[in-house]
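Novice: Structure provided below as structure tokens; questions to follow.
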Amino acid sequence: MSTIDLILNKLKEKEGWLEVKEIAYLINLPLSEIQEIIQFLSRHGFVTVDATGQKVKLGHSMDEFLEEILQIEIEEYA
1375 MSTIDLILNK LKEKEGWLEV KEIAYLINLP LSEIQEIIQF LSRHGFVTVD
1425 ATGQKVKLGH SMDEFLEEIL QIEIEEYA
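Using the working numbering, the first residue of the sequence shown is number 1375, and each one after it goes up by one.
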């Protein structure tokens, strides 16, 4: 699983704001690497970062996208 997938999965599990440093801890990767990926995801609208840059959550469109993928996987494996 890619680092992006790991980050998105952690955000999906949380269903709300998650501290960037907590994501780094949970995934066991350097904070700087997580921050760089989150900046990329934010630029493309996949996540929302708070005003301080310390917390992140799934962007609305990404949350809907993940739900659609989950539904497709459920249907395919049922």
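Positions of the beta carbon are idealized from the N, C-alpha and C atoms, including for glycine.
(1) With burial defined as no fewer than 16 other Cβ atoms inside 10 Å of the residue's Cβ, what is the status of F1414: buried or exposed?
(2) Are the stretch 1388 to 1401 and the stretch 1422 to 1442 in contact at 8 Å, needing three or more beta carbon pairs?
(3) Taking just the CA atoms, how far does S1435 sit from I1446?
(4) Once DSSP output is grouped into helix, strand and coil, what is the label at E1393?
(5) Please list the terminal residues of the continuous alpha helix (DSSP H) segment that includes T1377.
(6) Use the C-beta contact count for I1448: other C-beta atoms within 10 angstroms, 16 or more gives buried, fewer gives exposed.
(7) Rounded to the nearest angstrom, what separates L1403 and G1419 at their Cα positions?
Specialist: Judging by the given coordinates:
(1) On the sequence shown, residue 1414 is found 40 positions in, with the first residue counted as 1. Exposed is the call here.
(2) The stretch 1388 to 1401, when compared against the stretch 1422 to 1442, does touch it at the 8 Å Cβ threshold.
(3) Translated into positions along the sequence shown, residue 1446 becomes position 72. Translated into positions along the sequence shown, residue 1435 becomes position 61. Going from the Cα of I1446 to the Cα of S1435 covers about 17 Å.
(4) Taking the first residue of the sequence shown as position 1, residue 1393 is located at position 19. When DSSP states are grouped into helix, strand and coil, E1393 belongs to the strand group.
(5) If you number the sequence shown from 1, residue 1377 lands on position 3. Looking at the DSSP string, the run of the alpha helix (DSSP H) that includes T1377 is T1377 to K1388.
(6) In the sequence shown, counting from the first residue as 1, residue 1448 sits at position 74. Label assigned to I1448: exposed.
(7) Here the question's residue 1403 lines up with position 29 in the sequence shown. Here the question's residue 1419 lines up with position 45 in the sequence shown. One C-alpha to the other measures close to 23 Å.
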